[in-house]
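Undergrad:
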Amino acid sequence: MGDDSDETSGESWFSSTAFKLLVLLCVLFLILKKLWPDFRRRYFAAFLSSFDEGNDAKKEEMKKDIFSTINTVTSHDPELRKQKAIKILEIGVGTGTNFAHYPDGTRLVVVDPNPHFKSYYDANRQKFPKIHSEEIILTTGEKMDMVKDNSVDVVVTTQVLCTVEDLTKVLQQILRVLAPGGRFYFFEHIAEFDTERHGTRRKIQEILTWTGIWPLLLDGCMLNRDMLTDIQKAGFSKVQAQRFYSPTDHIVFQLVKPSLKGVAEK
Ligand SMILES: C[S@@+](CC[C@H](N)C(=O)[O-])C[C@H]1O[C@@H](n2cnc3c(N)ncnc32)[C@H](O)[C@@H]1O
0 MGDDSDETSG ESWFSSTAFK LLVLLCVLFL ILKKLWPDFR RRYFAAFLSS FDEGNDAKKE
60 EMKKDIFSTI NTVTSHDPEL RKQKAIKILE IGVGTGTNFA HYPDGTRLVV VDPNPHFKSY
120 YDANRQKFPK IHSEEIILTT GEKMDMVKDN SVDVVVTTQV LCTVEDLTKV LQQILRVLAP
180 GGRFYFFEHI AEFDTERHGT RRKIQEILTW TGIWPLLLDG CMLNRDMLTD IQKAGFSKVQ
240 AQRFYSPTDH IVFQLVKPSL KGVAEK
């Protein structure tokens, strides 16, 4: 008698709506878990490209200032030197927002782990036929071992070091690939540095980063980093850097106004 009733209740549980719902939820969860990283990257690439169209004049002016000395770089490569050209490696190139600031004739090698930037990057690079840009090497700054030692004249990162998983490793890779005397140009958003005047901004940056909300929505971006000390300690022979407020007025960018710009020399 007792055995019969156990079997009956077992059968009814496995055929119950609750059990079917549980299985359905598990299957949905597994599908989402598999698709989420790709969806997140696809959406992030589209999101960033939506800002390319409305070229922000103040931001472009600021970048012009950051790259103002790039024309004074002389290539380590005799062939390129003859052509008065240089080789640049841009890490985390995204849609390719820096072409306008590179000298004509530049040989451009780019690295980015997100394959969904390719179509936007290709569209942008076509607008700059005087820059010889290569296909995106699909990898991270940490793992770009295929770029040879002492092989580039300039490395560029703009709004990338906020996202990298291992900042020390990326800086070591930059030093490795730069030719002696080569330069690293950077422009990064950082944690609010004037906490007396902008304490609220700093608190919001911390909350959004520590809860994981901002990194989840923006491809791992951390609002509360400041890379200056890491750059200064990395082993460059000279570092010139400045913390400042990016001039953008767009409401979306208020949390990323505190910035760091500079040039480091190997
Ligand atoms: C906010 S976007 C900036 C894109 C571009 N540099 C710009 O200024 O518009 C950050 C970029 O860094 C890339 N990225 C993320 N993690 C990276 C890593 N570990 N190494 C290199 N690039 C990375 C992302 O795929 C994305 O293209």
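According to numbering that gives the first Met the number 0, the residues represented by the sequence shown are 0 to 265, in order.
Glycine is no exception: its CB is placed at the ideal position from the N, C-alpha and C atoms.
Residues in its own chain within less than 6 Å of PHE43 by CB, not counting five upstream and five downstream?
TA: Excluding residues within five positions, the ones whose Cβ falls inside 6 Å are ASP218.
Undergrad: Determine whether the beta carbon atoms of TYR184 and ILE69 lie at a separation below 8 Å.
TA: Yes, these two residues count as a Cβ contact at 8 Å.
Undergrad: Nearest-angstrom Cα distance between PRO77 and ALA84?
TA: Whole-angstrom Cα-Cα distance: 10 Å.
Undergrad: Would you list, in sequence order, the uninterrupted alpha helix (DSSP H) runs of no fewer than 4 residues that lie entirely inside the segment 202-232?
TA: The qualifying runs are 212-216, 227-232.
Undergrad: Using a Cβ-Cβ cutoff of less than 8 Å, which residues in the same chain neighbour ASP229 once the five nearest sequence positions on both sides are dropped?
TA: So the list reads LEU166, THR167, LEU170, once near-sequence residues are dropped.
Undergrad: Contact check, VAL109 vs GLU89 under 8 Å by CB: the rounded distance?
TA: Between GLU89 and VAL109 the Cβ distance is about 5 Å, and since that is below 8 Å, they are a contact.
Undergrad: May I ask which residues mark the beginning and end of the beta strand (DSSP E) holding ASP152?
TA: Segment 151-157, the beta strand (DSSP E) holding ASP152.
Undergrad: Give the secondary structure of VAL26 by DSSP, where H, G and I count as helix, E and B as strand, and everything else as coil.
TA: Looking at VAL26 - three-state DSSP - the assignment turns out to be helix.
Undergrad: What's the C-alpha gap between LYS202 and ASN223?
TA: Going from the Cα of LYS202 to the Cα of ASN223 covers about 9 Å.
Undergrad: So, is SER258 buried or exposed, given that buried needs 16 or more other C-beta atoms within 10 angstroms?
TA: So SER258 counts as buried.
Undergrad: Grouping DSSP H, G and I as helix and E and B as strand, with all else coil, what is TYR244?
TA: It is a strand residue.
Undergrad: Quick check: what's the CA-CA separation for ARG106 versus ILE206?
TA: Computed Cα separation, rounded: 41 Å.
Undergrad: For a test of your reading of the model: does the CB of ASP229 fall under 7 Å from any non-hydrogen atom of ligand 1? Yes or no.
TA: Incorrect: ASP229 has no Cβ contact closer than 7 Å to ligand 1.
Undergrad: With DSSP as the reference, identify every bridge partner of ARG106, one or two as the case may be.
TA: BP columns for ARG106 point to LYS86, HIS131.
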